[in-house]
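Student: Sharing a structure here in structure tokens format.
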Amino acid sequence: MVDVLDVLRRGIAAIGAIILVFGLAGVIVAGGWLVWLATDWLYDFLPPTEASAAALLLVALYVVIVGVIIYSLGDLRAGASE
1 MVDVLDVLRR
11 GIAAIGAIIL
21 VFGLAGVIVA
31 GGWLVWLATD
41 WLYDFLPPTE
51 ASAAALLLVA
61 LYVVIVGVII
71 YSLGDLRAGA
81 SE
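Residue 43 in this note's numbering sits at position 43 of the sequence shown, with consecutive numbering throughout.
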């Protein structure tokens, strides 16, 4: 039974790592989008897009936080059984 629980805990850590990777990708994309929008000539044309990029960055940061929490829970529990 311990082996099954260990596999389950490692699976939780893997799911957290996947969420973390997608969250970090979102942060990179949103950060690049905001840098691209920071060029002065776009401010006159796309002000709602800037707000969308900021919202995407905020959501991606939340996803990173959730991924880190899930990964840590799975990883710590897997390490505790060793």
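C-beta: ideal position from N, C-alpha, C; glycine also.
Under 8 Å, with one C-beta from each stretch per pair, do the region 12–24 and the region 57–74 reach the 3-pair mark?
Tutor: Touching, per the Cβ criterion.
Student: Nearest to Trp36 by CA position, among Ala54, Leu24, Leu5 and Gly23, is which residue?
Tutor: Of the candidates Ala54, Leu24, Leu5 and Gly23, the one whose C-alpha sits nearest the C-alpha of Trp36 is Ala54.
Student: Return yes when the Cβ of Gly26 is within less than 9 Å of the Cβ of Val66, no when it is not.
Tutor: The answer is no: Cβ separation not under 9 Å.
Student: Which word fits Gly23, buried or exposed, when buried means at least 16 other C-beta atoms lie within 10 angstroms of its C-beta?
Tutor: By the 10 Å Cβ count, Gly23 comes out buried.
Student: Looking only at its own chain, which residues have a Cβ that is under 6 Å from the Cβ of Ser52, when we skip the five neighbours before and after it?
Tutor: Once the five neighbours on either side are set aside, Ser52 has no close Cβ partner at all.
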